[in-house]
Amino acid sequence: MAADEEGESGEVRRPSSKKTARKTAKKTSSVRAGSRESESESERTARRVSAPRAMRYAAEQLKELLGRAPESVSSVKPTEDGWQADVEVLELERVPGTTSVMATYRVVLDKEGELVAYERTRRYTRGQIDRR
Numbered sequence: 069m070a071a072d073e074e075g076e077s078g079e080v081r082r083p084s085s086k087k088t089a090r091k092t093a094k095k096t097s098s099v100r101a102g103s104r105e106s107e108s109e110s111e112r113t114a115r116r117v118s119a120p121r122a123m124r125y126a127a128e129q130l131k132e133l134l135g136r137a138p139e140s141v142s143s144v145k146p147t148e149d150g151w152q153a154d155v156e157v158l159e160l161e162r163v164p165g166t167t168s169v170m171a172t173y174r175v176v177l178d179k180e181g182e183l184v185a186y187e188r189t190r191r192y193t194r195g196q197i198d199r200r
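As numbered in this note's numbering, residues 69 to 200 make up the sequence shown, in order.
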């Protein structure tokens, strides 16, 4: 067995068998490749997150962008490219609570649930009732 060698950083390294190192690297790469091979790229991109998960993702990501916690998700629907959700957010808290200013944000998610766009579509007081 060869003597210990000192590396560039001053650490003492023990020589290892090149054959052992190659086997370890081969095993590691084959394990990683095997998990990727079981699911093709088209399968990963074609899969859509579920509606409940899309609702959670829409609320979480909008909170991160706006810095305000969403009150609710009032609608969620699938689109060709993913999901579209309407999220209700408290914009300005007032007393009494029925006069607080609310906003509806339309959030667009891709198939994996990542936010790709959002816009405020409506502002209203909490006590306001929709009239049609």
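Each residue gets a CB set at the ideal place from its N, CA and C atoms; glycine is no exception.
Same chain, Cβ closer than 6 Å to residue i, neighbours up to 5 away in sequence not counted
i: residue 105; result: Confidence at residue 105 is low in this model, with a pLDDT of 44, below 50, so the placement of that residue is unreliable and no value is reported for it.
i: residue 184; result: 176 and 178
i: residue 174; result: 154, 187 and 189
i: residue 150; result: 177, 178 and 179
i: residue 115; result: none
Range of the contiguous alpha helix (DSSP H) that encloses residue i
i: residue 131; result: 119 to 134
Contacting residues, own chain, Cβ-Cβ under 8 Å from residue i (five flanking each side not counted)
i: residue 147; result: 176
i: residue 167; result: 193, 194 and 195
Per-residue burial, residue i [other beta carbons within 10 Å of its own, 16 or more giving buried]
i: residue 129; result: buried
i: residue 135; result: exposed
i: residue 157; result: buried
i: residue 163; result: exposed
i: residue 197; result: exposed
Beta-carbon proximity list for residue i, same chain, < 7 Å, skipping 5 on both sides
i: residue 131; result: 137 and 138
i: residue 165; result: 194
i: residue 143; result: 153 and 154
i: residue 171; result: 157, 159, 188, 190 and 191
i: residue 140; result: 156
i: residue 119; result: 144
Beta-bridge pairing of residue i - partner residues as DSSP gives them
i: residue 157; result: 138 and 171
i: residue 187; result: 174
i: residue 152; result: 145 and 176
i: residue 193; result: 169
Test: residue i CB closer than 8 Å to a CB of chain D
i: residue 136; result: Here chain D cannot be found, since the structure has a single protein chain.
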